[in-house]
Structures are given as structure tokens and as C-alpha cells.
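Trainee:
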Amino acid sequence: MDSSLIVDSPERALLRQAVGQLVGGYGHAYFADCATRHVEPTELWKDLGAAGFLGVHLCAEYGGGGGTMTDLAVAIEETATQGCPLLMSVISPAICGTILDKHGSHEMKSHWLPGIADGSLKMAFAITEPDAGSNSHLVTTTAHPSGDGWRVSGTKYWTSAIDEADGVLVVARRPEPEPNGKHALSLFVVPTDAPGLSWTPIPSALSQPEHQFTVFFDDVAIGPEALIGVEGQGLRQVFAGLNPERITAACISNGIARYALNKAVRYACERQVWNTPIGAHQGVSHPLAECYIGTQVARLTTYRAAELYDLGLEAGEASNIAKFVSADSSLRTLDQAMQTHGGNGMSLEYGLADLWFVARMLKTAPVSREMVLNFVAQHSLKLPASY
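Residue numbering for the sequence shown follows this note's numbering, starting at 123 and increasing by one per position.
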């Protein structure tokens with residue numbers, strides 16, 4: 123379902139068409155097969171990289187397309203709209219690629235960005251810890267100075283797809299606190315084959331190609347080249363990836379909504395009861411119309427957030443709101459699409475039910491709706507901080 127509310131530039135219209143054509147050649151059946159078998163969508167990922175879609179927003183000097191966050195948003199949304207919501211596209215190009223592009227050294231960019239852009243390298247992101255949750259100040263993973271490098275020790279939680287990644291971007295703290303009692307954070311890129319780095323899978327209800335892991339850093343030695351930007355300024359540097367994270371997560375939600383709505387509308391037009399298409403009944407058509415409205419509002423908010431980011435303006439409020447409304451709208455739309463299909467909505471054959479937990483997960487991650495509400499209450503409404 124295209125909307126006149128979303129106005130692409132001629133270049134982005136061509137980008138959207140090209141992504142849709144490429145990913146549509148694989149389709150949801152391909153994604154579902156990879157998700158069921160928990161295997162990487164290697165062929166699709168390789169083709170997306172070769173076409174320049176994964177690194178469309180990264181600096182051209184390091185193998186990217188020299189485009190914008192809005193370009194990446196179009197590519198990720200359209201991929202999900204074709205039934206292939208690739209969470210790794212949020213992690214490797216959007217979060218890690220953007221942070222490296224903004225704060226990495228020339229050597230680090232030269233080593234990682236071309237591969238991230240063309241799909242030949244992947245990077246995982248390790249920030250969440252079992253006892254830290256959304257509070258990065260409680261991170262306990264430490265980077266102890268050792269010679270001209272560091273030794274990293276600690277545990278990370280819900281780290282996605284580290285088993286298929288070549289490196290992992292790690293948020294770690296200094297061993298000693300600052301005068302204010304807080305620990306300064308730093309960002310490091312650790313090769314996934316580094317001695318002392320290991321992980322165990324977390325069983326989950328998610329039906330997706332990527333596994334989730336608890337990751338252990340057991341005195342992992344890294345050199346000076348592993349540091350991103352300036353030591354002790356990791357919290358500031360990680361924010362370079364948080365707005366892109368929220369924007370692109372919203373794009374996956376919006377793509378799932380568009381995919382589900384397309385299927386629901388087609389079914390409502392084709393399915394007849396007593397010689398009447400079920401879509402002719404307001405009990406079916408009105409809920410779908412509401413889903414369409416919610417989807418377009420969410421898309422408008424998401425592209426506005428991307429636009430603000432590309433302009434170098436404050437995008438935190440828009441990015442958080444986009445993630446919030448997109449996740450909620452996506453889940454409502456998927457649920458209504460399943461309802462429109464009746465009992466068939468539960469059948470894996472119809473390609474809806476298997477997306478349920480992916481859509482549901484996006485209400486909680488990469489930032490929970492409660493933390494978005496905290497942000498809006500404190501920063502938008504200027505209410506007293508609750509934490």
C-alpha cells in the first residue's frame with residue numbers, strides 16, 4: 123500500500139523500487155525458511171551489499187554510498203515490506219557502521235567500513251548487561267589498561283548475531299570511578315575470534331535468522347587500534363548510533379506493517395462469503411483502514427526523524443517517538459491482518475503468524491516503550507526525572 127503522504131525524491135523512489143525488486147525476488151518464504159532453520163540469509167545479505175543498499179549511508183571514501191540516513195531508512199523499510207525484516211541491518215550498518223563512520227580512526231574505517239557496506243563483514247553490538255538494563259551507567263564490563271592496549275572482562279546479554287559477526291562493538295567502563303562516582307565508558311571493536319571471547323545462546327520465542335546470546339569477555343586482550351574515538355567518551359560516542367538504531371528499528375516495524383496490510387487487503391478482496399468479498403463489510407474494512415492510518419502516521423514520523431538526523435539537528439525526540447508509534451502500529455496491524463485471515467492467520471502457510479514475536483520484540487528493543495515515555499516526559503514535557 124503506497125501513500126501520497128510519503129513523498130520520495132526521484133532518487134529515493136528509484137532506490138525503493140530497486141530494493142523492492144531485489145528483496146521481492148527472495149520473498150517471505152526465503153526469510154521464513156532461514157528463520158525456521160536459524161541460518162543466515164547469506165544470499166540476500168550478499169546481494170543487498172553488492173547492490174550498495176547496506177552501506178548506502180556510509181562515507182563513500184570507505185566504500186559506502188555517500189548517502190543519508192533517510193536512504194538507509196528507505197532500504198530497510200522496503201526490505202521488511204517484502205517480508206524480510208532483517209534485524210542485522212539495524213545492528214551492523216545502522217548502529218556499528220554509523221558509530222565507526224562518525225568516530226572511528228582512519229585505520230579502523232579502512233578495515234571495517236568497506237566490508238560492512240558490501241556485506242562481506244558483519245559487526246555485532248554489545249551494550250546490554252544482565253543487571254544494567256537500560257542504565258548504561260551500571261555497565262560492569264571493564265577495560266583494564268594493559269601495556270598500550272586493554273584487557274576486557276565482563277558479561278553482555280541479548281547480543282544478537284555475534285555468531286555470524288566478524289567483530290563486536292563493545293561498551294566497557296574504566297576500572298576506577300570518576301570524581302562524580304560514575305565510570306567513564308569507552309567503545310572498542312573486538313574481533314570475534316579473540317582468545318577469551320565466548321558466547322552461549324539464549325533460547326527465545328523469536329522466529330528470525332539471528333540468534334541471541336550471552337557473551338563472556340574473559341580477560342580479552344585488545345590493542346590500541348581497537349579503541350573507537352577518545353577513551354572515556356564512549357557514552358557520547360554511542361549516541362551517534364542510538365538515533366539511527368531507533369529510526370531503522372522503526373523502519374522494520376513499518377515494513378512489517380506494510381507487508382501485513384498488503385496481505386490482509388488482498389485476502390479481504392479475494393475471500394468471499396455468500397458471494398460477497400469480506401472486505402465489503404465494515405467490520406473488516408474499518409479496522410484495516412485504521413491500521414493504514416496508523417502505519418502512515420508512523421512512517422511520517424520515522425522519515426521526519428531521519429530528515430532531522432540528516433540535517434544535523436536534534437533528532438532524539440523524533441527518533442524515540444518514531445520507534446514508539448511504529449512498534450505499536452506494527453503489532454496492531456499484524457494482529458488485524460491475522461484476524462482478517464481468520465483461522466488461516468495462524469497458519470504458517472499465509473506468512474503472518476511467524477512474524478508475531480519479531481513485531482512484539484520491537485516494542486521492547488532496542489529501547490522499551492517505557493524508556494521512550496521516560497524520555498518524552500523528561501525532555502519534551504520538562505517533567506521531573508523519574509530515574
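Using N, Cα and C, we set each Cβ at its ideal position, and we do this for glycine too. Computed from a prediction, not measured in an experiment: that's the story for all the values here.
Hey, residue 244 and residue 288 are a contact pair by Cβ (cut 8 Å); roughly how many whole angstroms apart?
Mentor: Mapped onto the sequence shown, residue 244 falls at position 122. Mapped onto the sequence shown, residue 288 falls at position 166. Their Cβ separation, rounded to whole angstroms, is 6 Å, which keeps residue 244 and residue 288 in contact under 8 Å.
Trainee: Hey, how far is the Cα of residue 212 from the Cα of residue 396?
Mentor: Here residue 212 corresponds to residue number 90 of the sequence shown, with the count starting at 1. Here residue 396 corresponds to residue number 274 of the sequence shown, with the count starting at 1. Their backbone Cα atoms lie some 46 Å apart in a straight line.
Trainee: According to DSSP, is residue 394 helix, strand or coil?
Mentor: Your numbering for residue 394 matches position 272 in the sequence shown. In the structure shown, residue 394 sits in a strand (DSSP, three-state: E or B).
Trainee: Pull the bridge partners of residue 293 from the DSSP assignment, please.
Mentor: To locate residue 293, count along the sequence shown from 1; it is residue 171. Paired residues: 309.
Trainee: Return the CA-CA distance between residue 241 and residue 172, expressed in angstroms with no decimal places.
Mentor: Position 119 of the sequence shown, counted from the first residue, corresponds to residue 241. Position 50 of the sequence shown, counted from the first residue, corresponds to residue 172. Residue 241 and residue 172: Cα-Cα distance of roughly 7 Å.
Trainee: Closest to residue 333 by CA distance: which of 378, 318 and 279 is it?
Mentor: Numbered from 1 along the sequence shown, position 211 holds the residue referred to as residue 333. For the set 378, 318 and 279, the Cα lying nearest the Cα of residue 333 is the one of 279.
Trainee: Would you grab the beta carbon distance between residue 557 and residue 248 for me? Rounded to a whole angstrom, and I think it's under 8 Å.
Mentor: Any property of residue 557 remains undetermined from this structure, which presents the chain solely from 123 to 509.
Trainee: Find the nearest neighbour of residue 235 within the set 251, 217 and 250, judged by alpha-carbon distance.
Mentor: Taking the first residue of the sequence shown as 1, we reach residue 235 at position 113. Answer by Cα proximity: 217.
Trainee: Give the DSSP-derived three-state secondary structure of residue 247 in the structure shown.
Mentor: Position 125 of the sequence shown, counted from the start, is the residue given in the question as residue 247. Here residue 247 sits in strand by DSSP.
Trainee: If contacts are defined as beta-carbon pairs under 8 Å, then residue 374 and residue 207 qualify, I think. What distance do you get, rounded to the angstrom?
Mentor: Counting from one through the sequence shown, the residue named residue 374 turns up at place 252. Counting from one through the sequence shown, the residue named residue 207 turns up at place 85. That belief holds up - the Cβ atoms of residue 374 and residue 207 are roughly 5 Å apart, short of 8 Å.
Trainee: For residue 151, which option in 190, 404, 476 and 417 has the closest C-alpha, if you only look at C-alpha atoms?
Mentor: Locating residue 151 in the sequence shown gives position 29, where the first residue counts as 1. Nearest C-alpha to residue 151: 476.
Trainee: Give the straight-line distance between the Cα atoms of residue 342 and residue 290, rounded to the nearest whole angstrom.
Mentor: Translated into the one-based positions of the sequence shown, residue 342 becomes position 220. Translated into the one-based positions of the sequence shown, residue 290 becomes position 168. When rounded, the distance between both Cα atoms is 12 Å.
Trainee: Apart from the five residues on each side of it in sequence, which residues of its chain come closer than 7 Å, Cβ to Cβ, to residue 185?
Mentor: Stepping through the sequence shown from its first residue, residue 185 is reached at position 63. Contacts found: 177, 235, 236, 239 and 240.
Trainee: Looking at the unbroken beta strand (DSSP E) that takes in residue 276, where does it start and where does it end?
Mentor: What you label residue 276 is simply residue 154 of the sequence shown in a count that begins at 1. Note, residue 276: beta strand (DSSP E), 271 to 282.
Trainee: I'd like to check one pair, residue 353 with residue 296: are the Cβ atoms closer than 9 Å?
Mentor: In the sequence shown, the residue the question calls residue 296 occupies position 174. In the sequence shown, the residue the question calls residue 353 occupies position 231. A contact, by the Cβ cut-off of 9 Å.
Trainee: On the DSSP letters alone, give me the boundaries of the alpha helix (DSSP H) that residue 344 sits inside.
Mentor: Position 222 of the sequence shown, counted from the first residue, corresponds to residue 344. Where residue 344 is concerned, there is no enclosing alpha helix (DSSP H), although the beta strand (DSSP E) it sits in stretches over 334 to 344.
Trainee: Using three-state DSSP, classify residue 408 as helix, strand or coil.
Mentor: In the sequence shown, the residue the question calls residue 408 occupies position 286. In the structure shown, residue 408 sits in a helix (DSSP, three-state: H, G or I).
Trainee: In three-state DSSP terms, what is residue 319?
Mentor: What you label residue 319 is simply residue 197 of the sequence shown in a count that begins at 1. The answer is strand: DSSP assigns residue 319 an E or B state.
Trainee: Quick one: what does DSSP say residue 213 is sitting in, helix, strand or coil?
Mentor: If you number the sequence shown from 1, residue 213 lands on position 91. Residue state, collapsed to three classes: helix.
Trainee: Out of 190, 465 and 483, which one is the CA nearest neighbour of residue 378?
Mentor: Within the sequence shown, numbered from 1, the residue matching residue 378 stands at position 256. It is 483.
Trainee: Which residue comes first and which comes last in the alpha helix (DSSP H) that contains residue 462?
Mentor: The count along the sequence shown starts at 1 and reaches residue 462 at position 340. It spans 438 to 462 - the alpha helix (DSSP H) in which residue 462 sits, taken as one unbroken run.
Trainee: Where do the ends of the alpha helix (DSSP H) carrying residue 192 lie?
Mentor: The sequence position of residue 192 within the sequence shown is 70, counting from 1. Residues 191 to 203.
Trainee: Just curious, the beta strand (DSSP E) that residue 268 is in, first and last residue?
Mentor: Walking along the sequence shown from the start, residue 268 turns up at place 146. Residues 264 to 268.
Trainee: Just how far apart, CA to CA, sit residue 164 and residue 192?
Mentor: Locating residue 164 in the sequence shown gives position 42, counting from the first residue. Locating residue 192 in the sequence shown gives position 70, counting from the first residue. Going by the C-alpha atoms only, they are around 25 Å apart.
Trainee: Between the alpha carbons of residue 380 and residue 480, how many angstroms are there, rounded?
Mentor: Counting from one through the sequence shown, the residue named residue 380 turns up at place 258. Counting from one through the sequence shown, the residue named residue 480 turns up at place 358. If I take the Cα positions, the gap works out to 15 Å.
Trainee: What first and last residue would you give for the alpha helix (DSSP H) that runs through residue 224?
Mentor: Looking up residue 224 in the sequence shown gives position 102. Per DSSP, residue 224 belongs to the alpha helix (DSSP H) from 220 to 225.
Trainee: In this structure, what does DSSP give as the bridge partners for residue 349?
Mentor: Position 227 of the sequence shown, counted from the first residue, corresponds to residue 349. Residue 349 is bridged to 310.
Trainee: Taking DSSP as the reference, what is the three-state secondary structure of residue 399?
Mentor: Indexing the sequence shown from 1 puts residue 399 at position 277. For residue 399, the secondary structure class from DSSP, reduced to helix, strand or coil, is strand.
Trainee: Measuring only the C-alpha atoms, how far is residue 326 from residue 183?
Mentor: Walking along the sequence shown from the start, residue 326 turns up at place 204. Walking along the sequence shown from the start, residue 183 turns up at place 61. Distance between the alpha carbons of residue 326 and residue 183 is about 40 Å.
Trainee: Throw me the rounded Cβ distance for the residue 344 and residue 271 pair, which I believe falls under 8 Å.
Mentor: Within the sequence shown, residue 344 is the residue found at index 222, counting from 1. Within the sequence shown, residue 271 is the residue found at index 149, counting from 1. About 5 Å separates the beta carbons of residue 344 and residue 271, which is inside the 8 Å limit, making them a contact pair.
Trainee: In this structure, how does DSSP classify residue 487 when only helix, strand and coil are distinguished?
Mentor: On the sequence shown, position 365 is the one that residue 487 refers to. DSSP places residue 487 in coil when its eight states are reduced to three.
Trainee: When you compare only the Cα positions, how much space is there between residue 298 and residue 267?
Mentor: Position 176 of the sequence shown, counting from 1, holds the residue named residue 298. Position 145 of the sequence shown, counting from 1, holds the residue named residue 267. For residue 298 and residue 267, the distance between alpha carbons rounds to 11 Å.
Trainee: Straight-line CA distance for residue 363 to residue 197?
Mentor: One-based indexing of the sequence shown puts residue 363 at position 241. One-based indexing of the sequence shown puts residue 197 at position 75. Taking the straight line from one Cα to the other gives about 17 Å.
Trainee: If you measure between the beta carbons of residue 252 and residue 336, is that distance less than 9 Å?
Mentor: Taking the first residue of the sequence shown as 1, we reach residue 252 at position 130. Taking the first residue of the sequence shown as 1, we reach residue 336 at position 214. Closer than 9 Å, so yes.
Trainee: Is there a Cβ from chain B that is less than 9 Å from the Cβ of residue 340?
Mentor: Absent from the structure is chain B; it holds one protein chain and no more.
Trainee: I'd like to know if the segment 137 to 149 and the segment 448 to 468 are in contact, where contact means that at least 3 CB-CB pairs between them fall below 8 Å.
Mentor: no
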